[in-house]
Amino acid sequence: MRPLTIAKLVFGAAVVFFLMAPLIAILPLAFTNSVFLNYPIPSFSFRWFHELLTADAWRRSILNSLVIGAGTTVLATILGTIGSLGLRGKKISLLFGFIRTVFLLPMVVPAVVLGVGMQLMFAQYGLANTYLGVIIAHSVLAIPFVVVNVTASLQGIDHRLEHAAASMGAAPHVVLRTVTLPLAMPGIISGAVFAFATSLDEVVLTLFVAGPNQRTLARQMFSTIRENISPAIAAAAFVFIAGTVIIALLVNIGRRAQNA
Numbered sequence: 256m257r258p259l260t261i262a263k264l265v266f267g268a269a270v271v272f273f274l275m276a277p278l279i280a281i282l283p284l285a286f287t288n289s290v291f292l293n294y295p296i297p298s299f300s301f302r303w304f305h306e307l308l309t310a311d312a313w314r315r316s317i318l319n320s321l322v323i324g325a326g327t328t329v330l331a332t333i334l335g336t337i338g339s340l341g342l343r344g345k346k347i348s349l350l351f352g353f354i355r356t357v358f359l360l361p362m363v364v365p366a367v368v369l370g371v372g373m374q375l376m377f378a379q380y381g382l383a384n385t386y387l388g389v390i391i392a393h394s395v396l397a398i399p400f401v402v403v404n405v406t407a408s409l410q411g412i413d414h415r416l417e418h419a420a421a422s423m424g425a426a427p428h429v430v431l432r433t434v435t436l437p438l439a440m441p442g443i444i445s446g447a448v449f450a451f452a453t454s455l456d457e458v459v460l461t462l463f464v465a466g467p468n469q470r471t472l473a474r475q476m477f478s479t480i481r482e483n484i485s486p487a488i489a490a491a492a493f494v495f496i497a498g499t500v501i502i503a504l505l506v507n508i509g510r511r512a513q514n515a
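Heads up: take any position in the sequence shown, counting from 1, add 255, and you land on the working numbering.
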């Protein structure tokens, strides 16, 4: 094996370890029977998972995260897909370059700036401290991920397939429904997954636009860390990560089934 190949493997392993080490350190503490986050673990127990399901604050935050995450996924996926279709195939110009930048701007603008602006705007329209307001706020952050994924899928579509369908007499909306969207579905699904994950993980915007009734799991974890560090946080983190892994596996299985 050549030295360059060995160096690449060592560097890759180091990067993976750097990314995974915090997770490896915290996740086993979700199964501790102790009330403290420390090693060694006295004994293993599902006590803190039981608290997630029985404690009213945790149970409500999980339900809120699922409701808000689902709403964000639907709204962001629809708007992001429409935006990608609108920008598809446009020639490079100052106008469309600006529009693309606007779509991606929430990815780089500090969440605090967005939170303050949304809080002021939502207060004027009666959306503050409402589920709809939180869903809209999370969708603003999630739409860029949908646009990036769907745009990548649309760029890989052979235009001749759409032209062939149109030449056979299919109306534009039929071509879109039967040719374009099915071919772009992997990007749409990936964008939807990223939108859901973004909503689950968002804390800053939730602090600004959500009320007590819209407390999400991420916000509950943030509040618990400030008040009292409990192993329930590790259990919630385990649920987060396990859910993300399961969704990613389902997406990969769906892609393979579609390509088969």
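Backbone N, C-alpha and C fix where the C-beta goes; we use that ideal spot for every residue, glycine too.
### Query
Do you know how far the Cα of Ala-450 is from the Cα of Leu-292?
Taking the straight line from one Cα to the other gives about 31 Å.
### Task
Label Phe-377 either buried or exposed according to how many other C-beta atoms from any shown protein chain fall within 10 Å of its C-beta, with 16 as the threshold for buried.
Sixteen is the threshold: when 16 or more other Cβ atoms of the shown chains lie within 10 Å of the Cβ of Phe-377, as they do, the residue is buried.
### Query
Nearest to Ala-452 by alpha carbon, out of Ala-497, Leu-259 and Ala-439?
Per the Cα distances, Ala-497.
### Task
Please confirm whether Ala-490 and Ile-398 have their CB atoms less than 8 Å apart.
No, they are not a contact pair.
#### Entry: Beta-carbon gap between Val-395 and Leu-359 smaller than 8 Å
In this structure, Val-395 keeps its C-beta atom at 8 Å or more from the C-beta atom of Leu-359.
### Query
Just to confirm, are Thr-499 and Val-389 a CB contact at a threshold of 8 Å?
Not in contact: Thr-499 and Val-389 (Cβ atoms no closer than 8 Å).
#### Entry: Per-residue DSSP class, three states only, for Thr-385
Residue state, collapsed to three classes: coil.
### Message
For a quick check, are the C-beta atoms of Ala-492 and Leu-307 less than 8 Å apart?
### Response
Taking 8 Å as the Cβ cut-off, Ala-492 and Leu-307 do not qualify as a contacting pair.
### Query
Who are Phe-463's beta bridge partners in DSSP?
Note: Phe-463 sits in no beta bridge, so no partner.
### Closest residue to Val-494 among Pro-365, Phe-463, Asp-456 and Ser-478 (Cα-Cα distance)
Answer by Cα proximity: Asp-456.
### Query
Going straight from the alpha carbon of Ile-354 to that of Tyr-386, what length do you get?
About 28 Å.
### Task
With DSSP as the reference, label Thr-356 as helix, strand or coil.
DSSP, read as helix, strand or coil, puts Thr-356 in helix.
### Message
What residue range does the alpha helix (DSSP H) around Asn-468 cover?
### Response
Careful: Asn-468 lies outside any alpha helix (DSSP H) and carries neither H nor E.
### Query
Would the C-beta of Val-401 count as close to the ligand GDP, meaning under 7 Å from any of its heavy atoms?
Only the bare structure without any ligand can be found here, which leaves the ligand GDP out of the picture.
#### Entry: Stretch-stretch touch, CB-based, cutoff 8 Å, three pairs: the stretch 405-417 with the stretch 429-444
Yes, since at least three Cβ pairs between the stretch 405-417 and the stretch 429-444 fall closer than 8 Å, the two stretches touch.
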